[in-house]
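> First, the structure itself, so that you have it in front of you.
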Amino acid sequence: MLTTVALQDRRFTYPMDRSESGHFALETTKRPVRQEIGSANREWLRGSKNEKLVCEMKRNKKVVAKLEQRIAQLDRYDREYLRLRVEFLLMQIDIALCTQYKSVMTLHDGSDLLAMLEDAMATTEKFRQWFHQYMRQGNGGNLDRYLNYGVSVNRNEGKPLRKILSKMMVLLPASLTLDVQGCHCLHEKLQRELIHGYCITMRQGQKKVFAVLDAEDARDSNRVVLQVSLDPTSPMEISICVPRKLTSLRALIAFLTGKNRKRLFSESYDPVTLFGFEGSFYCRRGIELPVAVRLWPKAECEALFQELTFEMTPTTTSSTC
Numbered sequence: 001m002l003t004t005v006a007l008q009d010r011r012f013t014y015p016m017d018r019s020e021s022g023h024f025a026l027e028t029t030k031r032p033v034r035q036e037i038g039s040a041n042r043e044w045l046r047g048s049k050n051e052k053l054v055c056e057m058k059r060n061k062k063v064v065a066k067l068e069q070r071i072a073q074l075d076r077y078d079r080e081y082l083r084l085r086v087e088f089l090l091m092q093i094d095i096a097l098c099t100q101y102k103s104v105m106t107l108h109d110g111s112d113l114l115a116m117l118e119d120a121m122a123t124t125e126k127f128r129q130w131f132h133q134y135m136r137q138g139n140g141g142n143l144d145r146y147l148n149y150g151v152s153v154n155r156n157e158g159k160p161l162r163k164i165l166s167k168m169m170v171l172l173p174a175s176l177t178l179d180v181q182g183c184h185c186l187h188e189k190l191q192r193e194l195i196h197g198y199c200i201t202m203r204q205g206q207k208k209v210f211a212v213l214d215a216e217d218a219r220d221s222n223r224v225v226l227q228v229s230l231d232p233t234s235p236m237e238i239s240i241c242v243p244r245k246l247t248s249l250r251a252l253i254a255f256l257t258g259k260n261r262k263r264l265f266s267e268s269y270d271p272v273t274l275f276g277f278e279g280s281f282y283c284r285r286g287i288e289l290p291v292a293v294r295l296w297p298k299a300e301c302e303a304l305f306q307e308l309t310f311e312m313t314p315t316t317t318s319s320t321c
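Encoded structure:
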């Protein structure tokens with residue numbers, strides 16, 4: 001049965017484990033680690049002299065120094081807000097990476113993708129250790145405090161906070177993927193409009209990506225994969241539009257004003273709460289959007305994942321006598 005998330009309810013949509021003390025259960029998440037960690041990953045952990053890794057470490061060192069400088073300028077309230085938001089972000093990243101790791105392990109010849117995920121897990125853990133040490137805190141952040149502070153993507157953070165959160169994503173997995181598996185509607189009138197084609201758009205921060213499906217694509221319910229770089233300070237807006245049926249004059253005016261499409265579906269979510277989500281979004285008009293939300297360390301990971309998944313998909317052949 002598909003897991004669903006109500007559009008009107010923008011609370012956390014992913015089940016969150018809590019320890020007895022009420023802290024984020026960061027340590028209870030068991031990471032699936034292979035016995036034989038790749039040599040590249042071991043070298044990275046030991047401080048490899050590889051030129052590419054050395055350049056990356058130097059860049060990360062500069063980013064960390066800049067982050068420490070900016071965090072030191074925050075007041076007490078913003079500092080606590082940042083701590084809670086980052087703790088929740090790291091917890092969700094752990095969930096996403098572990099879920100995807102287990103999924104990739106079932107695929108044939110997924111060693112390259114597994115190595116990338118292992119590197120991402122190690123990077124996230126090193127970031128967590130630095131963050132805990134710099135903020136002088138133990139493991140985890142209190143969930144009640146997270147809620148009481150009103151920490152969410154809809155909060156109007158100050159410019160310094162937004163800059164810090166955005167800069168942190170340079171050090172963390174930040175390739176946000178939305179895998180849409182068609183669009184369906186219970187109402188016959190709207191379903192007829194969708195059959196003629198539609199446009200699905202995802203906006204996250206300053207970036208917007210979209211895909212236009214013609215009538216043939218819409219009938220076949222082809223999958224659409226949209227990717228953007230994660231911005232934890234901005235909501236993820238998903239919308240579906242269909243062409244307007246207008247007279248020639250009105251169509252010309254609508255085209256010139258950029259209003260030649262009718263919006264059927266438009267909702268915003270906190271992208272951090274959706275990491276690892278597989279299910280359906282429902283609209284009050286009866287529109288169902290089956291989706292899967294994934295987070296990768298690099299954009300090319302999704303293409304590799306799709307390739308491995310396609311190879312595992314059974315094919316059927318038909319013959320006539």
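Numbering follows full-length UniProt numbering, in which position 48 of the sequence shown is assigned residue number 48; successive positions increment by one, without gaps. Beta carbons: idealized from backbone N, C-alpha and C, even for Gly.
To which residues does DSSP link S175 through a beta bridge?
S229, W296
> Provide the residue span of the beta strand (DSSP E) that contains E131, from first to last.
This sequence places Phe at residue 131; Glu is not what is there. Here F131 belongs to no beta strand (DSSP E); instead the alpha helix (DSSP H) covers 111 to 135.
> Under the rule that 16 or more other beta-carbon atoms within 10 Å means buried, what is S111, buried or exposed?
So S111 ends up on the exposed side.
> Could you tell me the distance, in whole angstroms, from the CA atom of A96 to the CA atom of E80?
25 angstroms
> Measuring CB to CB, does S234 end up less than 8 angstroms from G205?
yes
> Which residues in the same chain have their Cβ closer than 8 angstroms to the Cβ of L213, if we skip the five residues on either side of it in sequence?
G197, Y198, C199, I200, N222, V224
> Excluding five sequence neighbours on each side, which residues of the same chain lie with their C-beta closer than 6 angstroms to the C-beta of V104?
G110, L113, L114
> Would you identify the three-state DSSP class for M202, choosing helix, strand or coil?
In the three-state DSSP reduction, M202 falls in the strand class (E or B).
> Check whether chain B comes within 8 angstroms of P232, counting only Cβ atoms and requiring the distance to be less than that.
No chain B is present in this structure, which holds just one protein chain.
> When you compare the stretch 301 to 313 with the stretch 278 to 289, are there three or more beta-carbon pairs, one atom per stretch, that lie closer than 8 angstroms?
no
> Among the residues of its own chain, which have a CB less than 6 angstroms from the CB of M202, if the five just before and after it don't count?
L178, V209, L226, I238
> Rounded to whole angstroms, how far is the Cβ of L230 from the Cβ of L176, which I believe are closer than 8 angstroms?
4 angstroms
> Would L161 and P232 qualify as a contact pair, given that the criterion is a beta-carbon distance under 8 angstroms?
no
> From M236 to V293, what does the alpha carbon distance come to, in whole angstroms?
11 angstroms
> Out of curiosity, what's the CA-to-CA distance linking K189 and M135?
Their Cα atoms are separated by approximately 55 angstroms.
> Please return the same chain residues whose Cβ sits closer than 8 angstroms to the Cβ of K163, not counting the five positions on each side in sequence.
Closer than 8 angstroms at Cβ, skipping near neighbours: R70.
> Let's test the definition: count the other Cβ atoms within 10 Å of the Cβ of T123 and tell me whether it reaches 16, buried, or not, exposed.
Burial check for T123: the Cβ neighbour count within 10 Å reaches 16 or more, so the residue is buried.
> Around the Cβ of M91, are there at least 16 other Cβ atoms within 10 angstroms (buried) or fewer (exposed)?
So M91 ends up on the buried side.
> So what does DSSP say about C98, is it helix, strand or coil?
helix
> Counting only the same chain and skipping the five closest in sequence on each side, list residues whose C-beta sits under 8 angstroms from that of H187.
Hits under 8 angstroms: R285, G286.
> Helix, strand or coil for L74? Go by DSSP, reduced to three states.
coil
> Using three-state DSSP, classify N41 as helix, strand or coil.
At N41 the pLDDT is 49, less than 50, meaning the model places this residue with poor confidence; the figure from the coordinates comes in the next sentence. Helix, per DSSP.
> With 16 as the cutoff for other CB atoms within 10 Å, does E87 come out buried or exposed?
buried
> Which of the three DSSP states, helix, strand or coil, is assigned to V170?
coil
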